[in-house]
Structure formats: structure tokens, C-alpha cells
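All remarks here apply to the structure that follows.
Residue numbers (my numbering): 11 to 263.
See the structure below:
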């Protein structure tokens, strides 16, 4: 196999699907991870159909350390080689203030959002045999200005952000490790359309990022041979100004 291979965790849906779709159009073969089997979002299904990209899906629960340890070897067994690119996109999200935080909830969040990406990176670099893979961690713009909301999630993303630079130093010339920090991209049903419009106007660029723009940053970092330990904020400029709260609590109707 001569074409480049990417492993994208959480790569079937939402922003992960946009990243996978863009990589397919860039000529990558795809190892697409999902917690459980399911259908791809249309943006990815269309890209796979149009490009004919080689792809295979891998189901693994990142809350299970044994499943994490088995994922990269499973990809190697299927494709006959280690990935050139690892995109640590999958994440666990939960509401909750500090008063409601439990040790169990924090441990689960850290396992999925910190330990799994770190261990996947470690395993990949260990088997890459001079290949120097690129690793891109998807974090969150809130790492620049912490907010008190979704406390376990916020802590885990801040930890992954710090791990990005730490791993870049630790791996040295064995791998490049960078991060993309999105802002509000795909609003959930917790947001009204009017609220999203008002939030967009609060951004320095007067617009919220799109999934395709997140994917653009991932592709850049996959190619940028002289870049490691860096974070690209793709957030309309949200990280430039402290918001004080998570977006969902701002500009409410």
C-alpha cells in the first residue's frame, strides 16, 4: 500500500465525518473509528462514493483501555502498515458544574479525552519504524480562557492541550504532534437559531467556523513538516476574548 493512511477517531459523524471526508478527497485511505457500528454522515458517505477511497471501520470503546490498546494493531492488521496520520477527534462530553463532579465521572472523561489519545499516539509512534507520523489532537477553544461549565470535559480538553506540546517534545523527530481548537461549530438542539446568529456576531470574524474549516486545519497540520507542538484555533476568533461561560449559556433567548 503506497497511499497515505489516516486513523480518525470518532470519524463517522459530525466534525469527525467532515475530517474523514476531506482526507478522502486528499487521497488518504481511511481507518475510521466509531464507538459502535453505524452509518456515516452524508458528507462522508458522499466523499467515499465520489472518491472511491479505501476505507474500513473499526468499533472500539475508548473508555476501555484494552480496546484502546488494540485499535492501532487492528488497523495495521487490516491495512498492512501503520497510519501516517492519527486524528484524535473522538470525545466524551457531559454537562456539570464543579459541585456535581464525581471521581468516577472525571476518571471516565479523562480516559476517553486524554488517556486514549495519548496511548493511541504512543502505540502509533512505537510501531512506526522511522515513518514519523503526524498526530492531530482536537481540543477546544476554551483551553485559552477556561469556563466553569462542563467541568470534567473542560479539564480533560485542557489536559489534552498540554499533552500536545509535551508529546511533541517527548517524541522529538519520531512524530509531529499538533492540535486544532474549534469553537462552536455544529450547534446542538440546546441552541436556538437566533442564539447561534447572535453568538456568531460576537466573534471577531463575525462568523462561527464550519466543519470543513476544521478539516482544513487538520489537513494543513498533516502536511506541515516543520510544525510540531502547535495549536491552531479555528473558532472565528473566540479565543481572543474571555467569554466567561460556555457558548450555550450566552445570548440566550
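Think of the CB as a built atom: it goes at the ideal place given N, C-alpha and C, for glycine as much as any other residue. It should be emphasised that the depicted structure is a prediction, and the values quoted were computed from it without experimental measurement.
Just mark residue i as buried or exposed, buried being the case when its beta carbon has 16 or more other beta carbons within 10 Å.
i	result
residue 58	buried
residue 51	buried
residue 198	exposed
residue 65	buried
Cβ atoms of residue j and residue i: under 8 Å apart, would you say?
i	j	result
residue 155	residue 191	no
residue 126	residue 187	no
residue 185	residue 145	yes
residue 73	residue 151	no
residue 17	residue 41	yes
residue 254	residue 215	no
residue 32	residue 229	yes
residue 128	residue 177	yes
Out of the options, point me to the one whose CA is closest to residue i's CA.
i	options	result
residue 43	117, 36 and 98	98
residue 200	112, 93 and 256	256
residue 181	197, 143, 212 and 208	143
residue 252	213, 262 and 238	213
residue 175	20, 238 and 92	238
Quick check: the Cα distance between residue i and residue j, rounded to an integer number of angstroms?
i	j	result
residue 39	residue 163	31 Å
residue 36	residue 30	10 Å
residue 218	residue 101	20 Å
residue 220	residue 167	20 Å
residue 63	residue 55	11 Å
residue 69	residue 95	18 Å
residue 261	residue 207	9 Å
residue 12	residue 86	14 Å
residue 61	residue 110	47 Å
Please report the Cβ distance between residue i and residue j, rounded to the nearest whole angstrom; I am assuming they are in contact, meaning their Cβ atoms lie under 8 Å.
i	j	result
residue 264	residue 106	The chain is shown only over 11 to 263; residue 264 falls outside these bounds and no answer can be derived.
residue 25	residue 224	5 Å
residue 81	residue 15	Contact doesn't hold; Cβ gap of about 14 Å is too wide.
residue 75	residue 108	The Cβ separation is near 26 Å, so there is no contact.
residue 170	residue 116	Contact flag wrong, Cβ pair sits at about 14 Å.
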